[in-house]
Amino acid sequence: MENNQYLSMFIDESQEHLQAINDNFMKLEQDPSNINIVNDIFRSAHTLKGMSATMGFEDLASLTHEMENVLYLVRDRKLSMNNYIFDVMFKGVDSLEKMVQDIVGGGTGKADVREVLKSLKGILAGNINGPGASAASAEPVKAAAADQSLDEVKVNEFEIGVMKNSIEAGYAVFFAEVAVRDNCMLKAARAYMVFNELERNGEIIHSHPTVQDIEAEKFEKYFSVYYLTKSDAAGVEKMIMSISEIDAARVVTLDTNGLGTLETGDYSAIVRGGGKKAEEVALQTATNSESPKIAEVVTPKAAAGGGGQAVQSRTIRVDVERLDALMNLFSELLIDRVRLEQLAQKIGNNDLNETVEHMTRITSDLQNVVMKLRMVPVDTVFQRFPRMVRDLAKSLDKKVDLIVSGADTEVDKTVVEELGDPLVHMLRNAVDHGLETLSERKKVGKSETGIIHLRAFNAGNDVFIEIEEDGRGINPERVLSKAVQKGLVSPDQAKKMTKDEIHQLIFASGFSTAEAITDVSGRGVGLDVVKSKITGIGGDVIVDSVMGKGTKFIIRLPLTLSIIPAMLIKAGSETYAIPLSSIVETFVVEKKNIRTVHGTPMVDYRKSVIPIIFLSKLFDLPDFNEEDEDETELAVIRKGDKLVALSVDDFIAQQEIVIKTLGEYLEGDTFAIMGATILGNGQTALIIDTNALIK
Amino acid sequence: MAEDVKVIVFNLGKEEYGVEVERVRTIERNQHITRVPKTPSFVKGVINLRGVVIPIIDLRGRFGLPETEYTDHTRIIIVNVKNIEVGFIVDSANDVVDVNEDIVEKPPELVGGIKAKYLRGVAKLGNRLLVLLHLEEVLNKQEIVQLENEEE
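Right under this line is the structure:
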């Protein structure tokens, strides 16, 4: 079976379904009696099972199957969820995730799931290990669907009897034949989706091929069902056609007379026209198989008319590599644009200028589009947190409410990829060390349940993520004594520090050690790692805390990492770029206004005095020295709330630059350089890492 | 007999050196090099090679030989070693020869002031002596750190 080309599709979809199952279980835990949620889980699990079986991942399919069996009982209110069952189900989901991960890593998706299976079977056998343990019996899932294998469209007398009775009870009986599109990748999964859709609004009496055969994809293009519902024929057709990749649905209404004919063995009313005619009849709702290929593409859409299909096909999956390639090509284009602008300026031809201006506008729009393509909602990292926090809280015997907001805030893919680990770290810290134990919370008059807010929002060109809990807060005295003890600050310095400065100490490397976790108000493991990771992607993190009230971490992130606005500056014969995001202000100062305090040159800036860093000294410039000038240009740069003035030769222009690495050979060996960019004249200019200039 | 390997020949002073053609991406004329501050003195900076930023090393400086003014003959040989791309500045590069592995001998302790550990071997071609470089060792950064520490 040539499944390889479908593998990535399978992985994507199964991960989505697993996430949906996970999320819905979390919801269900809050609202255990809500059968709608159970139905949602059931659908996801059902599709997952179908897909896994099709792809030949038997373990995955069988575990899902057992979980489904339990859900089946819950759905039919024969079993009510309790903590034990939730735990077993979550374990099951974990195992499924592991298997999918294994498949992602090129494995076969095999895993030892005997224990989970045993627990699941135990639940089915009535061992639900908790209060309200009623004798819930394990029923085969597919009791509703008749499993007997019959030829083509035949139904047995018993089934005809059932259908007749149903008509008397006010149901309509339909025979529906569904044609799956020829190029459909996961036929079985699509068939399942049709079954699900139908079963939501009625009951399937009989199917051909049998459910097992459909599950194993043992059918070519058609499958058919006898179906009971209160809907009409058009409604049934609409239900079926709402599933994507379904080519056509042929719905035949069966009345009592019609059923009577069937009883006599005459199926002419419902079989396809036989032989060649069959195709045409079957496809009448969608397309004529003889018509050219273009028509095939167009007509199914028309047939779906107003159904869900149009909505479903509005997104496409694109390989990330293609997006990266697009991005690289665009970067090249951007460099040429800048070059063109310069040339046009030099030549001074009006027509040329206009054309270049127009091109500039278009490339700006194009840039927005390209950047947006790479934006993903932070939800892709956030979504696993509720579950993580739940598990963590349970293992620590704490009660935690994680309130997530702004999960749809979008950030560049590269930023999101780097974000996961630091956030996991900070959330773990928040639950483990930030929040007090139940008894401690009671003692200080807080509610037992700790609240952690995880917020994401846009502000200007930055994205902010906040993690705020209402725990014990940071004890500044203990942080300070720890810092002094570790030699991070001298006792003299310590006396002068503001509370805010003390708080930031927890990010200092060397501060966070294993013993520091429990000693110092329980904050700190690896926070220096968190900080370096976030500053590494051009962001920043600060902490705000009130003792006894809680702690808030604020992470600031750039929207993107690959193209940034920057200020180009001249330093003698050399050109450098400074990210605009770190520049607060630029101004010129006369030499006589530069003061020297303790050997450090300083300048007055808005009621305070800030140090000056001379670029010539910093980078050992060969042909420029600020001291030769009567006045010097200063760029005030910011890191957190610290300011420094960087003295440069001259400001050239503000420009969008494409960030490139300096090459692996120099990686890690440079100082205060975050990369290079290519200028309009084809030369490279280095990008100054202002974060490295401020300690 | 072992197979022939194509080798690019370049000069540093009077000596002739060689790197395997398959290691060489391209040979460029000398061009504007953007200095990168706070790097070892033999790292001359970076250039833009068709949209990719590539670090440039002066091979004379790397081997501790006296550096000379760049001339019209000066070339930058862009090599790719274990996916690290680096450009070497050499006095000139103007020949490609076939070298049979069988005639490559172990290098003597010192050739033209370059330590044996940077050399893969020496090949005699008629009356020419071709010194083959050990690129991995030339790009070994750990050794650079030691070198700098010695200087201090």
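First to last, the sequence lines map onto chains A and B. So that you can map any letter, position 645 of the first sequence is 645 in the working numbering, and since no number is skipped, the others follow by simple counting. So that you can map any letter, position 139 of the second sequence is 1139 in the working numbering, and since no number is skipped, the others follow by simple counting. Note that CB positions come from ideal geometry on N, CA and C, so glycine has one too.
Query	Result
Let me check understanding here. Comparing Cα to Cα, which of B/Asn1094, B/His1134, B/Asn1083 and B/Phe1088 lies closest to B/Val1104?	B/His1134
May I have the straight-line CA-CA distance separating A/Phe10 from A/Asn183, to the nearest angstrom?	16 Å
Between which two residues does the alpha helix (DSSP H) harbouring A/Met359 extend?	Asn350 to Leu373
Anyone know if the C-beta pair for B/Lys1044 and B/Ile1054 falls short of 8 Å?	no
List the residues of chain B whose Cβ lies closer than 9 Å to the Cβ of A/Ala676, in chain order.	Thr1034, Val1036, Val1046, Asn1048 and Val1053
Just list the residues that DSSP pairs A/Thr596 with in beta bridges.	A/Pro601
Just to confirm, are A/Met602 and A/Ile612 a CB contact at a threshold of 8 Å?	yes
Since A/Asn39 sits in a beta bridge, which residues does DSSP pair it with?	None, per the DSSP bridge assignment.
Excluding the 5 residues preceding and the 5 following B/Gly1061 in the sequence, name in chain order all residues of the same chain whose CB lies nearer than 7 Å to its CB.	Ser1041, Phe1042 and Glu1067
Of the choices A/Leu373, A/Arg337, A/Lys346 and A/Thr600, whose alpha-carbon is the least far from that of A/Ala325?	A/Leu373
For A/His433, report the span of its alpha helix (DSSP H) as first-last.	Per DSSP, A/His433 belongs to no alpha helix (DSSP H) and is neither H nor E.
Taking CB distances under 8 Å as the criterion, tell me whether B/Ile1084 reaches chain A.	yes
According to DSSP, what are the bridge partners of A/Ala179?	A/Tyr222 and A/Ala248
Starting from A/Ile214, trace the alpha helix (DSSP H) both ways and give me its first and last residue.	Val211 to Glu215
Run through chain A and tell me which residues come within less than 9 Å of B/Leu1132, C-beta to C-beta.	Within chain A, no residue comes near B/Leu1132; the closest Cβ sits about 21 Å away, beyond 9 Å.
Determine, using beta carbons only, whether A/Asp408 and A/Pro377 come nearer to each other than 8 Å.	yes
Let me know if B/Ala1091 comes out buried or exposed under the rule of 16 or more other beta-carbons within 10 Å of its beta-carbon.	As written in the sequence, residue 1091 of chain B is Asp, which differs from the Ala given in the question. The residue in question, B/Asp1091, is buried, as its Cβ has 16 or more Cβ neighbours within 10 Å.
Round the Cβ separation of B/Leu1132 and B/Arg1120 to the nearest angstrom and send it over; I've been treating them as touching at under 8 Å.	4 Å
If the cut is a Cβ gap below 7 Å, which residues of chain B does A/Glu656 touch?	Within 7 Å Cβ-Cβ: nothing; A/Glu656 doesn't reach chain B, min ~16 Å.
Residues of chain B with CB closer than 7 Å to the CB of A/Ile673, please, in chain order.	Val1036
Write down the C-beta distance between A/Thr449 and A/Asp401 rounded to the nearest angstrom, noting that I regard them as a contact closer than 8 Å.	5 Å
Give every residue of the same chain whose Cβ lies closer than 8 Å to the Cβ of A/Val444, excluding the five residues on either side of it in the sequence, and list them in chain order.	Glu436 and Gly548
Using the three-state DSSP reduction, which class does A/Pro491 fall into: helix, strand or coil?	helix
Just to confirm, is the Cβ distance from A/Ile465 to A/Arg478 under 8 Å?	no
Closer than 8 Å is the cut-off here; do at least three beta carbon pairs connect the stretch 533-543 of chain A with the stretch 552-560 of chain A?	yes
A/His425: which of A/Val389, A/Ile403, A/Asp412 and A/Tyr222 sits nearest, CA to CA?	A/Val389
Can you tell which of A/Lys499, A/Ile688, A/Asp500 and A/Glu357 has its C-alpha closest to the C-alpha of A/Ile583?	A/Ile688
Is it the case that the CB of A/Ser573 approaches a heavy atom of the ligand ZN more closely than 7 Å?	Of ligands this structure carries none, so the ligand ZN is not represented either.
Just to confirm, are A/Ser608 and A/Thr632 a CB contact at a threshold of 8 Å?	no
How about A/Ser224 and A/Glu177: do their beta carbons lie closer than 8 Å?	yes
Among A/Asp623, A/Val194 and A/Met375, which one has its Cα closest to the Cα of A/Val236?	A/Val194
In terms of residue numbering, what span does the beta strand (DSSP E) encompassing A/Ile578 cover?	Glu574 to Pro579
Find the residues of chain A that neighbour B/Thr1039, judging by a C-beta separation of less than 8 Å, and give them in chain order.	Leu666, Asp669 and Thr670
Determine, for B/Leu1135, whether the minimum Cβ-Cβ distance to residues of chain D falls below 8 Å.	Of the protein chains in the structure, A and B, none is chain D.
Measure from the C-beta of A/Asp620 to each C-beta in chain B and report whether the shortest distance is under 8 Å.	yes
Taking Cβ to Cβ, would you say A/Glu66 is nearer than 8 Å to A/Ala45?	no
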